[in-house]
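Accompanying notes for the structure given below.
There are 2 protein chains.
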Amino acid sequence: MANKVKFERENVIRVASQLFWEKGFIATSTRDLQEAINMRPGSIYAAFGSKEGLYSESLKDYTVQMKSQIDGFLASSDTVVGGLRAFVENVIIKTKDCSPSAICMLVKANSEFAEKDASLYELSLDLSAKFEAYLTTLFAQAIKNNELSSNLTALEYAQFFQVQFTGLRGYFNRPRVEQLAQPMINQMFALIKKL
Amino acid sequence: MANKVKFERENVIRVASQLFWEKGFIATSTRDLQEAINMRPGSIYAAFGSKEGLYSESLKDYTVQMKSQIDGFLASSDTVVGGLRAFVENVIIKTKDCSPSAICMLVKANSEFAEKDASLYELSLDLSAKFEAYLTTLFAQAIKNNELSSNLTALEYAQFFQVQFTGLRGYFNRPRVEQLAQPMINQMFALIKKL
DNA sequence: TTTGATTTTGAGCGACTGTTCAAGTTAAAA
DNA sequence: TTTTAACTTGAACAGTCGCTCAAAATCAAA
Numbered sequence: 069m070a071n072k073v074k075f076e077r078e079n080v081i082r083v084a085s086q087l088f089w090e091k092g093f094i095a096t097s098t099r100d101l102q103e104a105i106n107m108r109p110g111s112i113y114a115a116f117g118s119k120e121g122l123y124s125e126s127l128k129d130y131t132v133q134m135k136s137q138i139d140g141f142l143a144s145s146d147t148v149v150g151g152l153r154a155f156v157e158n159v160i161i162k163t164k165d166c167s168p169s170a171i172c173m174l175v176k177a178n179s180e181f182a183e184k185d186a187s188l189y190e191l192s193l194d195l196s197a198k199f200e201a202y203l204t205t206l207f208a209q210a211i212k213n214n215e216l217s218s219n220l221t222a223l224e225y226a227q228f229f230q231v232q233f234t235g236l237r238g239y240f241n242r243p244r245v246e247q248l249a250q251p252m253i254n255q256m257f258a259l260i261k262k263l
Numbered sequence: 069m070a071n072k073v074k075f076e077r078e079n080v081i082r083v084a085s086q087l088f089w090e091k092g093f094i095a096t097s098t099r100d101l102q103e104a105i106n107m108r109p110g111s112i113y114a115a116f117g118s119k120e121g122l123y124s125e126s127l128k129d130y131t132v133q134m135k136s137q138i139d140g141f142l143a144s145s146d147t148v149v150g151g152l153r154a155f156v157e158n159v160i161i162k163t164k165d166c167s168p169s170a171i172c173m174l175v176k177a178n179s180e181f182a183e184k185d186a187s188l189y190e191l192s193l194d195l196s197a198k199f200e201a202y203l204t205t206l207f208a209q210a211i212k213n214n215e216l217s218s219n220l221t222a223l224e225y226a227q228f229f230q231v232q233f234t235g236l237r238g239y240f241n242r243p244r245v246e247q248l249a250q251p252m253i254n255q256m257f258a259l260i261k262k263l
């Protein structure tokens, strides 16, 4: 009995995610989405309930992708800090031009849904908190490995990392000579080791 | 002969600026604006040409306000770095709750107008460049006064400042115990003096 | 007071928005 | 092959968007 679904859910979410990341939630119309993911309104609403539902899935998927990207760099690096550094270089320098936006999708979400009661605002806060917790475990490992001093707690290192990383991405959102990026990343990691 | 304009142009722009800063360009409807600035469509379009025209004026006014705010703190401080510090503390801690957004309006604009040919994108880039140039003159003065070493150029200090400041504002956009803000600002300025 | 250029008003235009749903299509079960 | 539940389609809805413009209101000059 029944028919099978034609679309591949994961792939659809990933494509939608790119579009939402680039244009933001409000500026992405359902017609834009229809074309990008090749689905008609009825199917989209049957599968995701609403534009908000699809965005919600997209934002969650984004954080999963980010974490798995970091895990990949950690796996091919001797140290935790080295892995994070490779990740930062990859985001700011190497994948800058093929990325929908220089700015983290979570940061964009946090600034778009400023109205404090919206459910997408709650979601973006929740995902941000979980990402910080994930980073904290990484820095805890780095301290344990004696890569970093224990002058700061793992959480404080994670906070410092986020401030630096967000700041750099915001700065290199504006077009600049890319020669500036590498020295500023070097500076960031030199500072981390001196904290 | 003729009639006089009823509205005060500067005041109208300032109110519109607050609304645009909070909600973004796209999410702010012309009806929202009509209510906020108490003008009917015909008057708005006679005075500013379009929604884009009013936003453009609002963004320019925002940077003027920021600069004059910094100048104010500089005037009541012994040192350039002290003035900048007072400014940062004012933005992140003191005026956090009465500000339309924790995130700089220019940064929001830069991330909203990602399509590279739009005129508002060009404007936000131009204003960002001018603001960086302004900061650079301040740091040049700080170096001249021996407040800061000359290991870095004035431009490099300005870049560092912007990365830190943008990063901190992005971080404290998410709700957190405000006790975290002051130590992180202290850290920022401790780092600047050690560069 | 009359004149007439200027400003303000707000109903309304065409385009676009997120979403719905009846009709059509599909394929596993009978 | 027939049945039937699940899935897909796309026309269409009610609402909102940025914006226009004829008409009303305003006030300095004559």
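Sequences listed follow chains A and B, in order. Counting from 69, one number per residue, gives the positions in the first sequence under this note's numbering. Counting from 69, one number per residue, gives the positions in the second sequence under this note's numbering. A virtual CB, placed ideally from N, CA and C, is assigned to each residue, including glycine.
Going by beta carbon distance, what residues of the same chain come within less than 6 Å of residue i, once the five residues before and after it are set aside?
i	result
LEU206 (chain B)	VAL148
SER111 (chain B)	none
SER270 (chain B)	Since the first residue of chain B shown is 69 and the last is 263, residue 270 (chain B) is not available in this structure.
GLN86 (chain B)	PRO168
MET173 (chain A)	TRP89 and TYR130
VAL80 (chain B)	ILE105
PHE257 (chain A)	ARG153
GLU76 (chain B)	none
Helix, strand or coil: how does DSSP classify residue i here?
i	result
LYS262 (chain B)	helix
ALA186 (chain B)	coil
PRO274 (chain A)	Examination of residue 274 (chain A) is not possible in this model, given that chain A is present from 69 through 263 alone.
VAL245 (chain B)	coil
MET107 (chain A)	coil
GLY151 (chain B)	helix
GLY121 (chain B)	helix
GLU157 (chain A)	helix
LYS176 (chain B)	helix
VAL132 (chain B)	helix
ILE112 (chain A)	helix
GLY92 (chain A)	coil
ASN79 (chain B)	helix
THR204 (chain B)	helix
PHE240 (chain B)	coil
LYS38 (chain B)	Missing from the structure shown is residue 38 (chain B); chain B here goes from 69 to 263 and no further.
LYS162 (chain A)	helix
GLU224 (chain B)	helix
LEU216 (chain A)	coil
ASP167 (chain B)	For the record, residue 167 (chain B) in the displayed sequence is Ser; it is not Asp. It is coil, neither helix nor strand.
PHE181 (chain B)	coil
VAL34 (chain B)	In the structure as shown, chain B begins at 69 and stops at 263. Residue 34 (chain B) is therefore absent and cannot be evaluated.
ASP100 (chain A)	helix
SER85 (chain A)	helix
SER145 (chain B)	coil
Near residue i, which residues of its chain fall below 7 Å by C-beta distance, leaving aside the five closest residues on each side in sequence?
i	result
ALA170 (chain A)	LYS164, ARG237, PHE240 and ASN241
GLN137 (chain A)	PHE155
ALA222 (chain A)	THR204, PHE207, ALA208 and ILE211
LYS119 (chain A)	THR98
PHE116 (chain A)	LEU122 and GLU125
LEU220 (chain A)	LEU263
SER145 (chain A)	GLY151 and ALA154
SER66 (chain B)	Here chain B covers residues 69 to 263 and nothing more, so residue 66 (chain B) does not appear.
Suppose the cutoff is 8 Å on Cβ atoms and the five residues either side in sequence are ignored; what does the same chain contact list for residue i look like?
i	result
PRO109 (chain B)	THR98 and GLN102
ALA84 (chain B)	LEU101, ALA104, ILE105, LEU122, TYR123, GLU125 and SER126
LEU216 (chain A)	VAL149, PHE207, ALA210, TYR225, ILE260, LYS261 and LEU263
ILE94 (chain A)	GLU180
LYS176 (chain A)	TRP89, GLY92 and SER169
ILE253 (chain A)	ARG153, VAL156, GLU157, ILE160, ILE161 and LEU236
Kindly confirm or deny that the segment 123 to 140 of chain B and the segment 192 to 212 of chain B touch, where touching means at least three C-beta pairs closer than 8 Å.
yes
The segment 221 to 252 of chain A: which residues have C-beta closer than 8 Å to a C-beta of chain B, in chain order?
Flagged, chain order: GLN227, PHE228, GLN230, VAL231, GLN232, PHE233, THR234, GLY235, LEU236, GLY238, TYR239, ASN241, ARG242, PRO243, LEU248 and MET252.
Note down, in chain order, all residues in the segment 176 to 191 of chain B with a beta-carbon under 9 Å from any beta-carbon belonging to chain A.
LYS176, ASN178, SER179, GLU180, ALA182, GLU183 and LYS184
Going along the segment 89 to 109 of chain A in order, which residues come within less than 8 Å of chain B, judged by CB to CB distance?
GLU90, LYS91, GLY92, ILE94 and ALA95
Under 8 Å: do the segment 149 to 159 of chain B and the segment 134 to 141 of chain B share three or more Cβ pairs, one atom per stretch?
Pairwise C-beta distances place the segment 149 to 159 of chain B in contact with the segment 134 to 141 of chain B, as three or more of them are shorter than 8 Å.
Positions along the segment 203 to 220 of chain A whose CB lies within less than 9 Å of some CB in chain B
none
Check whether the segment 241 to 252 of chain A and the segment 213 to 229 of chain A are in contact - that is, three or more C-beta pairs closer than 8 Å.
no
By the 7 Å beta-carbon criterion, what residues does the segment 155 to 171 of chain B contribute toward chain A?
SER169 and ILE171
Listed from N- to C-terminal order along the chain, which residues in the segment 119 to 140 of chain A have their beta-carbon within a distance smaller than 8 Å of any beta-carbon of chain B?
none
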